[in-house]
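J.:
Number of protein chains: 2
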Amino acid sequence: MRRSALVFAAACGLVPAFSAAQGPAKALQEKLGYPRDAKLLIVHADDLGMAHSVNAASIHALEIGGINSASLMVPCPWFPEIADYAKSHLAADFGLHLVLTSERVYYRWGPVAPRDKVSSLVDANGYFHHDWSAETRIDPKDAETEIRAQIARALAMGVKPTHLDSHQNRLFQTNKDLFEVILRVAHENNLPVLIPRNWFGDFPYLEKALGPNDVVIDRVITMAPGLPPAQWSAFYKKALEHLEPGVTEFVIHLAYADAEMKAATHERDTWGAEWRQRDFDFFSSVEFQKLLHDNQIHLITWREIARAMNPPAKTE
Amino acid sequence: MRRSALVFAAACGLVPAFSAAQGPAKALQEKLGYPRDAKLLIVHADDLGMAHSVNAASIHALEIGGINSASLMVPCPWFPEIADYAKSHLAADFGLHLVLTSERVYYRWGPVAPRDKVSSLVDANGYFHHDWSAETRIDPKDAETEIRAQIARALAMGVKPTHLDSHQNRLFQTNKDLFEVILRVAHENNLPVLIPRNWFGDFPYLEKALGPNDVVIDRVITMAPGLPPAQWSAFYKKALEHLEPGVTEFVIHLAYADAEMKAATHERDTWGAEWRQRDFDFFSSVEFQKLLHDNQIHLITWREIARAMNPPAKTE
Chain A
-4 MRRSALVFAA ACGLVPAFSA AQGPAKALQE KLGYPRDAKL LIVHADDLGM
46 AHSVNAASIH ALEIGGINSA SLMVPCPWFP EIADYAKSHL AADFGLHLVL
96 TSERVYYRWG PVAPRDKVSS LVDANGYFHH DWSAETRIDP KDAETEIRAQ
146 IARALAMGVK PTHLDSHQNR LFQTNKDLFE VILRVAHENN LPVLIPRNWF
196 GDFPYLEKAL GPNDVVIDRV ITMAPGLPPA QWSAFYKKAL EHLEPGVTEF
246 VIHLAYADAE MKAATHERDT WGAEWRQRDF DFFSSVEFQK LLHDNQIHLI
296 TWREIARAMN PPAKTE
Chain B
-4 MRRSALVFAA ACGLVPAFSA AQGPAKALQE KLGYPRDAKL LIVHADDLGM
46 AHSVNAASIH ALEIGGINSA SLMVPCPWFP EIADYAKSHL AADFGLHLVL
96 TSERVYYRWG PVAPRDKVSS LVDANGYFHH DWSAETRIDP KDAETEIRAQ
146 IARALAMGVK PTHLDSHQNR LFQTNKDLFE VILRVAHENN LPVLIPRNWF
196 GDFPYLEKAL GPNDVVIDRV ITMAPGLPPA QWSAFYKKAL EHLEPGVTEF
246 VIHLAYADAE MKAATHERDT WGAEWRQRDF DFFSSVEFQK LLHDNQIHLI
296 TWREIARAMN PPAKTE
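In order, the protein sequences belong to chains A and B.
Residue numbers for the first sequence follow the working numbering, so the first one is -4 and each next one is one higher.
Residue numbers for the second sequence follow the working numbering, so the first one is -4 and each next one is one higher.
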């Protein structure tokens, strides 16, 4: 259904329509060939490659239609497992979840670039910083060196990313310089970046840095710390029942609450093993599929967005 | 019992006795304060830090007396978990299992040193080589840079190693130059190295490189590929029942055959998840404890060996 809609859109000349010079601005859903009131959703799992448990749960969810998009953490030790899957599932909508932090305590990773080339990103032991404080001085040049190295490793290992986003939103929600780094590298690689309009209020530099060809989706919806586990399903149910028209990305975090994941996240519950199991349970449920259907929500991926940005050349 | 034996040995002037000039050579067990016919055993688990499953099974075995010694892989992502355990269990006999390879397929790691400083050790994607072929040119200087970096990270993270050994025996069983690297670094750090006499036949450069103060144990006994799983216990039982006098190290590999370990080792059975579960099952058994007792085998650790090399100064 998604494919036929896109073919229809392309045939009608609806794609591309990113230039402001072409008249009244079209909403992204219209550029993708849907009516203005369409509710389009990307169900996106973060953190693939972080741990085997994350890979296993995310692949399972992908194969049963619980998610339709994901992004991969290149510096993490289980990246080869998910890269191998990506190479044999070329239609999967996999982006790169660019990583500049190693936020856990028992389980850590460091940069892909030689660490003496990205010294502001690493701690005294050579791992990415556990966290960035007000005193942590991140050199944007180091960030650029590192994300270029992550993209290069992904490409060398056979992954063809459809989009870029940023682990812990560090490249989006820190400062203008780091946002310009990901935007510049995305432009050079001709890839869309996750930029939702509902972040503009808190981070005004985002909108200011954008050019006319940058894709902006309408909103990211994601679980934030503080919600009692018993209200997990209700949160997503409400979000689906009240989804507004436009393009929304659900950013979710899947894993099984198994021994590996419990140990990897033992120091706090937020984005921990049980959190990820709850996400898995909801998005692999029949209830989720019914909510999509009952609320006329259409699933799209970054692959369609990228294709709309870069339409195939006309053959006549 | 081990402690009192050592105190007795020190009081009798039996320790140290490493100098050939002191008369007829004493066997290592005698230098440790035991009679010449004593059967001394180090039950040593390799690969701690490699995966959570390895850490969990090894810690369990350590705490129930199934093993009494182990070595840690500093470059691996779960090293922080076992380093944290080491810091809070200062009596544990933990050495460093120096790592120059990343032999698995879905789960990989790279050097601690900046990779552009150890370029002969890494593959095109920046991981340690999966394997070394006849064409792989390992620069001993790179190996030295890397193992110094591993020791420095371990010390910085609070681990005080009691000995050094080498993952996949690469530093022992490749060539003289690499053996001299680990020997030189061990001397500088005043640490004993795993050097068993039963390797001298296959690797004659080992014996030639040793100085008068290097400790040589009598033998390593370890499971080799090819034994049917049903004969696992019988192999270890026979080894214990026929253990010869002197100092023996059992080199074993513990983990649970859980989802993480199965995926980490999915490409082959050797040293895989089931292999490690079988090792765990035998060494955590009552049968193993009974075999130790019935065959009058005394457990010792590298801590005693190191102390015998470096006896406390006399107080009178």
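For every residue, glycine included, the Cβ atom is placed at its ideal position computed from N, Cα and C.
These numbers come from a predicted model, not from an experiment.
Output yes if chain B places a C-beta closer than 7 Å to the C-beta of A/Trp104; else output no.
T.: At least one chain B Cβ lies under 7 Å of A/Trp104.
J.: Following the continuous beta strand (DSSP E) through B/Leu159, name the residue where it begins and the one where it ends.
T.: Start and end: 159 to 161.
J.: According to DSSP, is B/Lys312 part of a helix, a strand, or is it coil?
T.: Residue 312 of chain B cannot be examined here, being either before or after the span of chain B that is shown, -4 to 311.
J.: How should A/Lys34 be labelled, buried or exposed, when 16 other C-beta atoms within 10 angstroms of its C-beta is the threshold for buried?
T.: Buried, because 16 or more other Cβ atoms sit within 10 Å of the Cβ of A/Lys34.
J.: On a Cα-Cα basis, can you pick out the residue from A/Ala259, A/Asp213, A/Phe74, A/Asp264 that is closest to A/Phe245?
T.: Nearest option by C-alpha distance: A/Asp213.
J.: So, does the CB of A/Glu76 fall closer than 7 Å to a CB anywhere in chain B?
T.: Closer than 7 Å to some Cβ of chain B, the Cβ of A/Glu76 qualifies, so yes.
J.: What span of residues does the alpha helix (DSSP H) with A/Lys285 cover, start to end?
T.: Here the alpha helix (DSSP H) through A/Lys285 covers 281 to 289.
J.: Please determine, among B/Ile62, B/Ile247, B/Pro70, B/Ala78, the residue with the shortest C-alpha to C-alpha distance to B/Tyr102.
T.: With distances taken between Cα atoms, B/Tyr102 lies closest to B/Pro70.
J.: Excluding the five sequence neighbours on either side, which residues of its own chain have a C-beta within less than 8 Å of the C-beta of B/Thr312, listed in chain order?
T.: The displayed coordinates of chain B run from -4 to 311. Any statement about residue 312 of chain B would go beyond what the structure contains.
J.: Please state whether the Cβ-Cβ distance between A/Gly312 and A/His158 is less than 7 Å.
T.: For residue 312 of chain A there is no data in the structure shown, the boundaries of chain A being -4 and 311.
J.: Does chain A have any CB closer than 7 Å to the CB of B/Glu255?
T.: Yes, B/Glu255 lies at the interface with chain A (some Cβ there is under 7 Å from its Cβ).
J.: Please state the DSSP three-state secondary structure of B/Arg271.
T.: In this structure, B/Arg271 counts as helix in the three-state DSSP scheme.
J.: What whole-angstrom Cβ distance do B/Phe275 and B/Ala250 have, given they're in contact under 8 Å?
T.: That belief holds up - the Cβ atoms of B/Phe275 and B/Ala250 are roughly 7 Å apart, short of 8 Å.
J.: Please list, in chain order, the chain B residues whose beta carbon lies closer than 7 Å to that of A/His92.
T.: Correct list: empty, because the minimum Cβ distance to chain B is about 17 Å.
J.: If you reduce the DSSP assignment to three classes, tell me which class A/His237 lands in.
T.: The answer is coil: DSSP assigns A/His237 none of H, G, I, E or B.
J.: Which residue's Cα is closest to the Cα of B/His92: B/Lys136, B/Lys112, B/Leu222, B/Val154?
T.: With distances taken between Cα atoms, B/His92 lies closest to B/Val154.
J.: Enumerate in chain order the residues of its own chain whose CB-to-CB distance from B/Glu139 is below 8 Å, with the five nearest sequence positions on each side excluded.
T.: Once the five neighbours on either side are set aside, the close Cβ partners of B/Glu139 are Val176, Arg179, Val180.
J.: What in chain B is Cβ-close to A/Met152, meaning under 8 Å?
T.: Ordered by position in chain B, the residues that pass the 8 Å Cβ test against A/Met152 are Asn120.
J.: Roughly how many whole angstroms lie between the Cα atoms of B/Glu311 and B/Arg192?
T.: Legend: pLDDT at B/Glu311 = 45, less than 50; position of this residue unreliable, no value from coordinates given.
J.: If the criterion is Cβ atoms closer than 7 Å, does the pair A/Leu85 and A/Leu67 meet it?
T.: No, Cβ-Cβ distance for A/Leu85 and A/Leu67 is not below 7 Å.
J.: Pair every Cβ in the stretch 263 to 283 of chain B with every Cβ in the stretch 52 to 60 of chain B, then say whether three or more of these pairs are closer than 8 Å.
T.: Contact holds: three or more Cβ-Cβ distances are below 8 Å.
J.: Of the choices B/Gln272, B/Pro307, B/Ala301, B/Met256, whose alpha-carbon is the least far from that of B/Val100?
T.: Checking every option, the nearest Cα to that of B/Val100 belongs to B/Met256.
J.: Straight-line CA distance for B/Ile292 to B/Leu36?
T.: When rounded, the distance between both Cα atoms is 7 Å.
J.: Answer with buried or exposed for B/Glu320, where buried requires no fewer than 16 other C-beta atoms within 10 angstroms of its C-beta.
T.: Outside the modelled stretch of chain B, which goes from -4 to 311, sits residue 320 of chain B, for which no answer is possible.
J.: Whole angstroms are fine: how far does the CA of A/Ile300 sit from the CA of A/Ala5?
T.: For A/Ala5, the pLDDT reaches just 36, beneath the cut-off of 50, and the residue's location in the model is therefore unreliable, leaving the point undetermined.
J.: Do you know how far the Cα of B/Asn208 is from the Cα of B/Ala16?
T.: With a pLDDT of only 46 at B/Ala16, under the threshold of 50, the placement of this residue in the model should not be trusted; the figure read from the coordinates follows. So the two alpha carbons sit approximately 12 Å from each other.
J.: Please list, in chain order, all residues of the same chain as A/Trp297 whose beta carbon is under 8 Å from its beta carbon, the five residues on each side excluded.
T.: The residues are Ile37, Ser64, Asp88, Gly90, Thr157, His158, Pro187.
J.: Could you tell me which residues DSSP puts in a beta bridge with B/Ala51?
T.: Per DSSP, none; premise fails for B/Ala51.
J.: Using three-state DSSP, classify B/His182 as helix, strand or coil.
T.: DSSP places B/His182 in helix when its eight states are reduced to three.
J.: Using 7 Å as the limit for Cβ to Cβ distance, is A/Tyr101 near chain B?
T.: Judged by the 7 Å Cβ criterion, A/Tyr101 is in contact with chain B.
J.: Counting contacts by CB-CB distance shorter than 7 Å, is A/Ala16 in contact with chain B?
T.: Bear in mind that a pLDDT of 47 at A/Ala16, under 50, signals an unreliable position, so the number given afterwards is only what the model happens to contain. Chain B contact via Cβ: absent.
J.: Hey, could you find the ends of the beta strand (DSSP E) A/Ala65 is sitting in?
T.: Unbroken beta strand (DSSP E) run through A/Ala65: 64 to 67.
J.: Assuming B/Ala144 and B/Ala119 make a contact with CB atoms under 8 Å, what is their CB distance in whole Å?
T.: Not a contact, Cβ separation roughly 21 Å.
J.: Quick one: is A/Arg179 near chain C, going by C-beta distance under 7 Å?
T.: No chain C is present in this structure, whose protein chains are A and B.
J.: Determine whether the Cβ of A/Val69 lies closer than 7 Å to any Cβ atom of chain B.
T.: It does not: the Cβ of A/Val69 has no partner Cβ on chain B nearer than 7 Å.
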